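Have a look at the structure below before the remarks.
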Amino acid sequence: QTEKYPNNMHYQLLLAETYTKLNKTENAKASYQKAIDLNTLEDNNRYLSIIRSMMHYGADNQASELISKVRAIKKDTALYAIELGNILELKRNYSKATMEYLKVVDDTTRIGVTAESKLMALLEFEESSKPAEKIILNNAKKYNNPSLPKLLSAYYLKTYQYDKAFQYAVKLDSLNIKKGLALEQYLINCIERKLYHQAVKMGKYLLSNMKGEPIKPNIYFLYAKALTMTEQYDHAIAIYDSIVIISPHVQDKSMALFNIGEINADRLNNCNKAINYYDSVIANYHGGLGLIKAKLARPHCFLRIGKLSIAEQEFKKLLNIRLDENSKEEIEYTLALLKFFNKQFDSTEIAMQKLILDYPQGYFVNDAVQILMVIDEAEKNESLLHLYSSSLMFEQLKNIDSTESKLRLLVDHEISALADNALYKLYNINISRADTTKAISYIEQMENKFPKSYYFPYCLKAKADILMINDSSDEKAKNIYRSLLEKYPNYPFISEVREILREIDTNNKIG
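Counting from 596, one number per residue, gives the positions in the sequence shown under our numbering.
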């Protein structure tokens, strides 16, 4: 084809690539040179095609020479910076690679995005991290380039260097025209990474340093969430109260009041006070997500304080308004659960079966199946079902002591049909209290009495997890994990077990 079309650059490239595959280096060089000579218009994209072909087939030195030549012709030292940076990385010349990427990091096209991701990769890679960081820091000091503090702040946040991350977020904001935008993004990043203490620090800084500047309601919401997650409930409520006062938007007011109600219900266990806040939203703010959330949360509060009949009435009312499928499923499940709490076991069975049929991919399907399994295993024994129903109700009421008491009665019951289920629940209760000694005692009871139980593998894994917390090289824990992998390959946790073994036992070959 090159003989037939001697002036076709594409065919010369194909010929060069073919020679390279055949290890005919000199022939390949000659064909690449012909392709270069055919680019008579000195088109940048054609040069780029040649450079990338050279790189792909290992002719990195020739590619570097061509980049230098074209830069000289075009009088542009930033041309093909990504490509030259890649070549320099392969040669482990990380300092020069960093300098190449820095040339185009401000580019508004895809090149800039690529350069930023390349620089982040250099910072994160152990071998290149120090030289890359040094050069980026020097450039950040010399030039008012917003890309660099943005990059450094993100890197330091990822690597737990929070003071530096904060410092560069503040510097980035000082370089931006829109004040507060970079700080808000930092706040969002902290929340997304569950770095709530760092989010609190930024929220406090924002509110104290932007006096006189308009502060977006979203910043207040993010700050209040971080305060909630760090258990600073009074302060969080005060921030939500300020949103109600300063925001002109109904949506913000309703959401802020809903969040105060949620803190009272879920954090302070004061459902009566939460109901008052939800009622305030429903009565005064006829719009926004807060209104829907308040309507959905209110019946749960009645359930939590033991007013089951009122809760049932309120849930049924909700089915008459337009709701998304997830909310409808949750209401249907809770109504079925209320039948279970009221010891209407036949009705519970029908309601749970209907739920599974109506929402086959639903969030509560597994919970419904668990209830049906309990009813089936108990063989409709009233005594067992009463105890289990009561334990589940006390769990909803957040009365853990009473939950534990009912579960122990199930363990000691003369009919042991639900004892394994109860032991597994008792284990979970004590793990949530960080009482590992008691938790292990329940696991050992399961091992001794119910080794064929559906819950037994879960308990075995739990035991291994506890042993690993105390000693990451514990051989007993490793043996349990290996046994789980061999005997219970279809359990949901098996991927996690395989990953744990990969990490702690490099000599163990896992399929």
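Yeah, the Cβ is synthetic: ideal placement off N, Cα and C, and Gly gets one too. As the structure is a prediction and not an experimental result, all values here were calculated from the model.
- When the Cα of LEU982 is compared with those of GLU974, MET968, GLU972, ARG1003, which residue comes out closest? ARG1003
- Task: Rounded to whole angstroms, what's the CA-CA distance from ILE1089 to CYS1054? Just pull it up for me.
- Result: 13 Å
- Integer-rounded CB distance, given that ALA676 should sit under 8 Å from LYS698: 5 Å
- Query: For ILE1095, which three-state DSSP category applies?
  - Reply: helix
- Message: By the three-class DSSP mapping on this structure, what secondary structure does ILE1105 have?
- Response: Its pLDDT being 43, under 50, ILE1105 is placed unreliably by the model, and the measurement read from it follows with that caveat. It is coil, neither helix nor strand.
- Closest residue to LYS868 among ILE855, TYR880, ALA878 (Cα-Cα distance): ILE855
- Task: To the nearest angstrom, report how far apart LEU608 and ARG788 are at their CA atoms.
- Result: 47 Å
- Message: Given this structure, state the Cα-to-Cα distance separating ALA1059 from GLU779, to the nearest angstrom.
- Response: 42 Å
- Task: Answer with buried or exposed for ASN733, where buried requires no fewer than 16 other C-beta atoms within 10 angstroms of its C-beta.
- Result: exposed
- Item | Supposed contact pair GLU711 and LEU746 - C-beta distance, whole angstroms, cut 8 Å | 6 Å
- Query: Quick one, which of GLY957, ILE1099, LEU1080 has its alpha-carbon nearest GLU925's?
  - Reply: GLY957
- Could you pull the start and end residues of the alpha helix (DSSP H) that LEU662 belongs to? Sequence check: residue 662 is Ile here, not Leu. Note, ILE662: alpha helix (DSSP H), 655-669.
- Ends of the alpha helix (DSSP H) at GLY883? First-last for GLY883: undefined, no H or E at that position.
- Inside the stretch 772-832 only - beta strand (DSSP E) runs reaching at least 3 residues: none
- Message: Can you tell me whether GLY856 is helix, strand or coil according to DSSP?
- Response: helix
- Which term fits ILE1105, buried or exposed, when burial requires 16 or more other beta carbons within 10 angstroms of its beta carbon? Annotation note: pLDDT 43 at ILE1105 (below 50); position unreliable, coordinate value reported separately. ILE1105 comes out exposed.
- Query: To the nearest whole angstrom, what separates the beta carbons of ALA611 and SER648, a pair I think is in contact under 8 Å?
  - Reply: 7 Å
- Message: Please report the distance separating the alpha-carbon of LEU886 from that of GLN756.
- Response: 40 Å
- Item | C-alpha distance - ASN1103 paired with ASN1074, whole-angstrom precision | The predicted position of ASN1103 is uncertain, since its pLDDT is 47 and thus under 50; a value taken from the coordinates is nonetheless stated next. Their Cα atoms are separated by approximately 11 Å.
- With DSSP run on the structure shown, which of helix, strand or coil describes PHE1045? coil
- Hey, LEU1005 and ALA1014: beta-carbon distance below 8 Å or not? yes
- Item | Residue closest to SER984, alpha-carbon to alpha-carbon, out of LYS949, PHE935, ARG1093, SER626 | PHE935
- Below 7 Å CB to CB, which residues in the same chain sit around PRO1052 once its five sequence neighbours on both sides are set aside? LEU1079, TYR1083, TYR1086
- Query: Can you tell me whether TYR835 is buried or exposed, with buried defined as 16 or more other CB within 10 angstroms of its CB?
  - Reply: buried
- Query: Exposed or buried, which one is HIS895 when buried takes at least 16 other CB atoms within 10 Å?
  - Reply: buried
- Message: Measuring alpha carbon to alpha carbon, tell me which residue in LEU918, LEU914, ASN915, GLU857 is nearest ARG893.
- Response: GLU857
- In or out: GLY882 buried (at least 16 other Cβ within 10 Å) or exposed? exposed
- Task: Would you kindly work out how many angstroms separate the C-alpha atoms of LEU661 and ILE646, rounded to a whole number?
- Result: 7 Å
- Buried or exposed: which applies to ALA695, given that a residue is buried once 16 or more other Cβ atoms fall within 10 Å of its Cβ? Going by the sequence as given, residue 695 is Glu instead of Ala. Per the 10 Å Cβ criterion, buried.
- Query: Closest to ALA1113 by CA distance: which of ILE945, GLU974, SER978, GLU977 is it?
  - Reply: The requested residue 1113 is not part of the displayed model; the chain covers only 596 to 1106.
- Query: Is the Cβ-Cβ distance between ALA821 and GLY798 less than 8 Å?
  - Reply: yes
- Message: Beta-carbon within less than 6 Å of LEU617's beta-carbon, same chain only, minus the 5 sequence neighbours each way: which residues are those?
- Response: none
- Query: How is THR703 classed by DSSP in three states: helix, strand or coil?
  - Reply: coil
- Query: Any idea if ILE966 is buried or exposed, counting beta-carbon neighbours within 10 angstroms, 16 or more meaning buried?
  - Reply: buried
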